[in-house]
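*Asks:* The structure under discussion is supplied below as structure tokens; questions concerning it will follow.
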Amino acid sequence: MQPCKFLPLCLYPSPVTQSPLYQNNNYLLLCVYPPQLLWNYKLNLTTDPKFESVAVEVCKSTIAEIKECASEELGKGYLVSCLVDHRGNISDYQCNQYIHKMTSIIFSDYRLICGFMDKCREDINTLHCGSISTGEKDIHSQGEVIACLEKGLVREAEQQPGAHAIKDECKKSIMRVAELSSDDFHLDRYLYFSCRDDRERFCENTLAGEGRVYKCLFNHKFEEAMTERCREALTTRQKLIAQDYKVSYSLAKACKSDLRKYRCSVDTNMPRAREARLSYLLLCLESAVHRGRVVSGECQGEMMDYRRMLMEDFSLSPEIVLHCRSEIESHCSGLHRKGRTLHCLMNVGRGDAGAIDPNCQRALQTLIQEADPGADYRIDRALNEACESVIQTACKHIRNGDPMILSCLMEHLYTEKMVEDCEHRLLELQYFIARDWKLDPILYKKCQSDASRLCHTRGWNETSEMMPPGAIFSCLYRHAYRTVEQGRRPSGESKELERWPLSRDCKVEVQRILHQRALDVKLDPELQRRCMTDLGKWCSEKTEAGQELECLQDHLEDLVMDCRDVVGNLTELESEDIQIEALLMRACEPVIQSHCHEMADNQIDTGDLMECLVQNKHEKEMNEKCLVGVTHFQLVQIKDFRFSYKFKTACKEDVLKLCPNIKKKVDVVICLSTTVRNDTLQDVKEQRVSVKCRKQLRVEEVEMSEDIRLDPELYDSCQPDIKRLCPNINYGNAQVIECLKENKRQLTQRCHQRIFKLQEVEMVDPELDYQLMRVCKHMIRRFCTESEGKNMLQCLKQNKNSELMDPKCKQMITKRQITQNTDYRLNPLLRKACKADIPKFCQSILNKATADTELEGQVISCLKLKYADQRLSPDCEDQIRVILQESALDYRLDPQLQIHCTQEISRLCPEEAAAQEQTGQVEECLKVNLLKIKQEGCKKEVLNMLKESKADIFVDPVLHTACALDIKHHCAAIPPGRGRQMSCLMEALQDKRVRLQPECKKRLQDRIDMWSYAAKVAPAEGFSDLAMQVMTSPSKNYILTMIGRAWLCSSSWVCCAGASPNGSPRNSRTGRPRPICGGQDTPIKESDRRPNAQIWTSSSPFRFGALPAAPLKQIVFCFLLL
144 MQPCKFLPLC LYPSPVTQSP LYQNNNYLLL CVYPPQLLWN YKLNLTTDPK FESVAVEVCK
204 STIAEIKECA SEELGKGYLV SCLVDHRGNI SDYQCNQYIH KMTSIIFSDY RLICGFMDKC
264 REDINTLHCG SISTGEKDIH SQGEVIACLE KGLVREAEQQ PGAHAIKDEC KKSIMRVAEL
324 SSDDFHLDRY LYFSCRDDRE RFCENTLAGE GRVYKCLFNH KFEEAMTERC REALTTRQKL
384 IAQDYKVSYS LAKACKSDLR KYRCSVDTNM PRAREARLSY LLLCLESAVH RGRVVSGECQ
444 GEMMDYRRML MEDFSLSPEI VLHCRSEIES HCSGLHRKGR TLHCLMNVGR GDAGAIDPNC
504 QRALQTLIQE ADPGADYRID RALNEACESV IQTACKHIRN GDPMILSCLM EHLYTEKMVE
564 DCEHRLLELQ YFIARDWKLD PILYKKCQSD ASRLCHTRGW NETSEMMPPG AIFSCLYRHA
624 YRTVEQGRRP SGESKELERW PLSRDCKVEV QRILHQRALD VKLDPELQRR CMTDLGKWCS
684 EKTEAGQELE CLQDHLEDLV MDCRDVVGNL TELESEDIQI EALLMRACEP VIQSHCHEMA
744 DNQIDTGDLM ECLVQNKHEK EMNEKCLVGV THFQLVQIKD FRFSYKFKTA CKEDVLKLCP
804 NIKKKVDVVI CLSTTVRNDT LQDVKEQRVS VKCRKQLRVE EVEMSEDIRL DPELYDSCQP
864 DIKRLCPNIN YGNAQVIECL KENKRQLTQR CHQRIFKLQE VEMVDPELDY QLMRVCKHMI
924 RRFCTESEGK NMLQCLKQNK NSELMDPKCK QMITKRQITQ NTDYRLNPLL RKACKADIPK
984 FCQSILNKAT ADTELEGQVI SCLKLKYADQ RLSPDCEDQI RVILQESALD YRLDPQLQIH
1044 CTQEISRLCP EEAAAQEQTG QVEECLKVNL LKIKQEGCKK EVLNMLKESK ADIFVDPVLH
1104 TACALDIKHH CAAIPPGRGR QMSCLMEALQ DKRVRLQPEC KKRLQDRIDM WSYAAKVAPA
1164 EGFSDLAMQV MTSPSKNYIL TMIGRAWLCS SSWVCCAGAS PNGSPRNSRT GRPRPICGGQ
1224 DTPIKESDRR PNAQIWTSSS PFRFGALPAA PLKQIVFCFL LL
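Here the sequence shown is numbered in the numbering used here, starting from 144 and rising by one per residue.
Below is the structure:
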């Protein structure tokens, strides 16, 4: 063999041979000598005693320091091998350089590594990693044998099918070789030859040594220009690092002192294979960091690199490869770069139950803990790239890498600033962070001491079967909110809760997490676990943000017990702190800023913010999303009184005492309000419902009156009517309720009864009449600030005709007056004042009435007629006078008139009826056109009006207006009422010395003509009618003269014949009353006796005194004789 025949070729200049890496003796040796000759030469170098003696001379001080090497036997190459093993501890420069050169020779072939062949020969043969023939392209490829063994080791760790179990001593040798080659990538012959072109492409300026080239190549592993062979070799190297962190020279060196300091390498109970794992190192040092311990910056930097490495490539985690193989093949094939496979698996994990194997789920959770991306979002490359634009716009005020970046992204979830890809990556990561409270570094930092004290947690990387990671947050949540003082249901731990409340900082973080979890039900582990079946059953089509929880709340009664409990608890919590509903808070931001900012700024919300939003539901700042959200929460609250935090807190004791076993809020409200109403009506000294409960009860009642859906019984009863009569009416602002009231005559019986009951309650308590209070809000402030709630409508009625009255409010007052006049039960003042008169005079009407059905003003009409007869009690008379006065100005306030005269009004008085302002013109029109009225029912009502108008002039607004001056001049001394002023005007009309105003005179004459006609078609029913007919008759003087003569005759007879004790002349023999004006004794029927009968009532215009107590027919008989 001619040793130098290859020399010219090796010295021929080329781009490769000109590289500094190849300009050394080793390259020359590799190029010039044949492989076998070269291998023998290298073997001699490693075993020749001369080289050992050189090593002894150069490394004298080092050998003395390293006891293991000082005891090695010389002449067998063990000394050089030992120094190579400990080269990391060699500080002497000359020794270090010598050993470095020897290392490059040894690692060029696995057979030169001391003891390697003996320990791994069997595994080399089994795995078919034997001597690999060299070709022209790879003139020295013996590094492939070690690479083959390394791949076999990886396959075994991943439990791949057909993997061979490598012997432990060979495993140690493989890992030791990898460790010894970790500082210089030239020593990993397979990786060196696989990546030398990529090194030139990506890491040309990176100096070899201390693992720098490895790290550079790792960072470019997923570049498009990276060759597949190099990427594969790098991945194998990374997998070895995952099994033993010492395979990474830079990591082992940077963290050596910290590992010793925090005792991360001295667990004698743990097998070496596990203790050396990268995951163990990361967890141990991350635990120290999270506990506030100091870990060197260099070590943290290295940890950051390898955490990012784990998140980029799922295959570096053997557990993921082993347990998630089927999921990767089924759902994530083709996604192998930049963390996309891992995020794909995370997306599968947060999907429907059963889509991912539990072992795979656990492996993912473990990997997230190892990588800890919650501490720095940049660790998750997929998330970092997807969310870069959002971070630059929405979170630019936060320092790069700060843990608050994730919270900032969550705050902008489902906003216009969020992009879809970022939204997906963020939710995939948060799904796993939400399942281990330690993975949120801010929460862990603020609540670590509380969790240790209250929930008995262990270290950051330690878990307990008694308190798994997912249960810690639930424990913190219970201590943050569930205290007896706050009105929560007491539990066995209540005493502990009272004694050990959470720290303020921790509670703030708990609230933050709750706000985030409200964005997606899958971020709440307990909710998703217990409600998975119900979500699939009831809410499979609810895919928008926040819809799933709303759906569960809507179907609360249909949920299984476990799910119903957790949804109920969450809803109960929301009632206390509605800011947990982050989506709702975003939608309601304008109205919060305008009307509720003080409540929103409070650190501790006690239901005030939601109450404020409800009260301002219809302000101009309120948008549709906010309105829908607030209304939905109200609808949820009616399912259980505990869902209204303020109501529950104020009335808890009252409910237990007065309304036990009642759960639904609406039923509790009805129960308590009924109790309050009964106590009020019975004038009890001490109300059974407490003051604080009554105050909150009023708030709840007013809120419920705003939307018919908040009263389930009313809503259920009227649903068909709503669809038929109010299909396009909004529920809010009590618009549907108002629509049903306006269409009351067309309602079904069931709905009609409910509406009647509602109106009955509203008339007793006008504050519950939402439309009235809303429309007349400003007028109430103007006119009725000092009025009690129950007198609000009365106050508004009294000020209805004020010039300052708002037209819309006036219209609403008129509506309520019309309603009141349809039934005396809807007028509380009238009902109370006339409680004795109604059964006395109108019993026949009551007998025909049915419960909860309007009497259409029949009772009030009955009382009006009795008012004209002046037979009502004073209190009742006062109330009827008001009704007469009101209905005289507006025909719509007279239900009977409307019922019987609707067609006649349309025919005879269309213009008057169409007028916006009603001042009695329709009534005047009907009176004027009395002779043209065809319908008898209508004619009778108009005649009743004429009869009522005789009672006093104020009942006739047209006449009152026309004669206002004359009343002032001629009747100023006459008190109003009982027809006195009307009689005064009649006298003035007959007195030729008195000059009345032309309009007044004309109107009076018209009234006389009307009354004359009325007398013809409607005979007098009593003395008052008879007296008025006499006064309005053209033969008034003649009639009065005749009556006077009859009275004189009767008086003379009484004087002559004497009078019996009861005022009637008697026969001295029989003792019976004698006939008046002569005549035979005639028996008088008891029915003809009218004690104290008077021909004129006390209100008659001319009172001649009382006539003798004799039957009317005898007086008339006497009158005819005269």
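Where is the CB? At the ideal position from N, CA and C, for every residue including glycine.
Enumerate in chain order the residues of its own chain whose CB-to-CB distance from Val-811 is below 6 Å, with the five nearest sequence positions on each side excluded.
*Replies:* Cβ within range, chain order: Phe-784, Val-798, Cys-802 and Ile-805.
*Asks:* Measure how close the beta-carbons of Cys-769 and Ala-730 come, nearest whole angstrom, since I'm counting them as under 8 Å.
*Replies:* Going by Cβ atoms, the distance from Cys-769 to Ala-730 rounds to 4 Å, so yes, they are a contact pair.
*Asks:* Locate the alpha helix (DSSP H) running through His-540, then write down its first and last residues.
*Replies:* Taken as a continuous stretch (DSSP letters only), His-540 belongs to no alpha helix (DSSP H), as it is neither H nor E.
*Asks:* Between the C-alpha atoms of Ser-637 and Ala-623, what's the straight-line distance to the nearest angstrom?
*Replies:* In this prediction, Ser-637 scores a pLDDT of 43, lower than 50, which makes its location untrustworthy; the coordinate-derived value is nonetheless stated afterwards. The alpha-carbon atoms of Ser-637 and Ala-623 are separated by roughly 12 Å.
*Asks:* Please list, in chain order, all residues of the same chain as Glu-856 whose beta carbon is under 8 Å from its beta carbon, the five residues on each side excluded.
*Replies:* Within the same chain, Glu-856 has close Cβ partners Val-809 and Arg-897.
*Asks:* Buried or exposed, going by whether 16 or more other CB atoms sit within 10 Å of the CB of His-307?
*Replies:* That one is exposed.
*Asks:* For Thr-714, is the classification buried or exposed, using 16 other Cβ atoms within 10 angstroms of its Cβ as the cut-off for buried?
*Replies:* Buried, by the Cβ-count rule.
*Asks:* Which whole runs of the alpha helix (DSSP H) in the segment 1040-1074 are 4 residues long or more, in chain order?
*Replies:* Taking only runs of at least 4 residues, the alpha helix (DSSP H) segments lying wholly in the segment 1040-1074 are 1053-1057 and 1064-1071.
*Asks:* Under the assumption that Arg-450 contacts Ile-522 (Cβ atoms under 8 Å), give the Cβ distance between them as a whole number of angstroms.
*Replies:* That pair is a contact at about 5 Å.
*Asks:* Would you say the segment 1123-1139 touches the segment 1074-1091, given that touching needs at least three Cβ pairs under 8 Å?
*Replies:* Short answer: they don't touch.
*Asks:* For a test of the three-state rule: what should DSSP assign to His-555, helix, strand or coil?
*Replies:* Of the three classes helix, strand and coil, the one that applies to His-555 here is coil, per DSSP.
*Asks:* Relative to the alpha-carbon of Ser-400, which residue among Glu-441, Lys-800, Thr-370 and Ala-419 has its alpha-carbon at the smallest distance?
*Replies:* Per the Cα distances, Glu-441.
*Asks:* Sorted by chain position, which residues of the same chain lie with C-beta nearer than 8 Å to Tyr-874's C-beta, five sequence neighbours on each side aside?
*Replies:* Cβ within range, chain order: Thr-774, Asp-850, Ile-851 and Arg-852.
*Asks:* Tell me the DSSP secondary structure of Tyr-405 in three-state form.
*Replies:* Of the three classes helix, strand and coil, the one that applies to Tyr-405 here is coil, per DSSP.
*Asks:* By alpha-carbon positions, which one of Asn-766, Phe-776 and Asp-744 ends up nearest to Gly-689?
*Replies:* The candidate whose alpha carbon is nearest that of Gly-689 is Phe-776.
*Asks:* Starting from Glu-885, trace the alpha helix (DSSP H) both ways and give me its first and last residue.
*Replies:* Where Glu-885 is concerned, the enclosing alpha helix (DSSP H) stretches over 878-885.
*Asks:* Decide if His-921 is buried, meaning its Cβ has at least 16 other Cβ atoms within 10 Å, or exposed.
*Replies:* That one is exposed.
*Asks:* Let me know the secondary structure DSSP gives Val-562 once reduced to three states.
*Replies:* In this structure, Val-562 counts as coil in the three-state DSSP scheme.
*Asks:* Assuming Ala-207 and Leu-222 form a contact by the criterion Cβ under 8 Å, report the distance between their Cβ atoms to the nearest whole angstrom.
*Replies:* About 13 Å; that fails the 8 Å criterion.
*Asks:* Which complete alpha helix (DSSP H) runs does the segment 310-378 hold, if anything under 4 residues is left out?
*Replies:* The segment 310-378 contains these whole alpha helix (DSSP H) runs: 311-323, 332-345 and 355-362.
*Asks:* Could you tell me the distance, in whole angstroms, from the CA atom of Leu-424 to the CA atom of Trp-580?
*Replies:* Their Cα atoms are separated by approximately 21 Å.
*Asks:* Nearest to Ser-617 by CA position, among Arg-578, Leu-915 and His-761, is which residue?
*Replies:* The shortest C-alpha separation from Ser-617 is found at Arg-578.
*Asks:* Decide if Ser-1004 is buried, meaning its Cβ has at least 16 other Cβ atoms within 10 Å, or exposed.
*Replies:* Looking at its Cβ environment, which holds 16 or more other Cβ atoms inside 10 Å, Ser-1004 is buried.
*Asks:* Can you tell me where the alpha helix (DSSP H) holding Gln-780 begins and where it ends?
*Replies:* Element bounds for Gln-780: 767-780.
*Asks:* Rounding to the nearest angstrom, what Cα-Cα distance links Gly-1000 and Asp-1095 in this structure?
*Replies:* Their backbone Cα atoms lie some 21 Å apart in a straight line.
*Asks:* Only counting the same chain, and skipping five residues up and downstream in sequence, which positions put a Cβ closer than 7 Å to that of Gly-517?
*Replies:* Around Gly-517: Pro-546, Leu-549, Ile-576, Leu-582, Asp-583 and Pro-584.
*Asks:* Inspect the beta-carbon positions of Asp-980 and Leu-1015 and report whether they are closer than 7 Å.
*Replies:* Their beta carbons are under 7 Å apart, which means Asp-980 touches Leu-1015 by this criterion.
*Asks:* What span of residues does the alpha helix (DSSP H) with His-486 cover, start to end?
*Replies:* Counting along the chain, the alpha helix (DSSP H) containing His-486 begins and ends at 483-492.
*Asks:* When you compare the segment 428-436 with the segment 263-270, are there three or more beta-carbon pairs, one atom per stretch, that lie closer than 8 Å?
*Replies:* No, the segment 428-436 does not touch the segment 263-270.
*Asks:* What does a CB cutoff of less than 8 Å around Gly-1222 pick up in its chain, not counting 5 residues either side in sequence?
*Replies:* A caution first: Gly-1222 carries a pLDDT of 41, below 50, which makes its placement in the model unreliable, though a value can still be read off. Within the same chain, Gly-1222 has no close Cβ partners at all.
*Asks:* Near Cys-794, what residues of its chain come up, given a Cβ to Cβ distance below 7 Å and the 5 sequence neighbours on each side ignored?
*Replies:* Cβ within range, chain order: Leu-815, Cys-836, Gln-839 and Leu-840.
*Asks:* Applying the criterion that 16 or more other CB atoms from any shown protein chain within 10 Å of the CB defines a buried residue, is Glu-470 buried or exposed?
*Replies:* Classification for Glu-470: buried.
*Asks:* Can you give the Cα-Cα distance for Lys-782 and Lys-807, rounded to whole angstroms?
*Replies:* Using only the alpha carbons, I get a separation of about 5 Å.
*Asks:* Going by beta-carbon coordinates alone, are Gln-914 and Ala-877 separated by less than 7 Å?
*Replies:* Yes, Cβ-Cβ distance for Gln-914 and Ala-877 is below 7 Å.
*Asks:* Among Asn-990, Lys-978, Cys-1052 and Gln-1039, which one has its Cα closest to the Cα of Pro-1017?
*Replies:* It is Lys-978.
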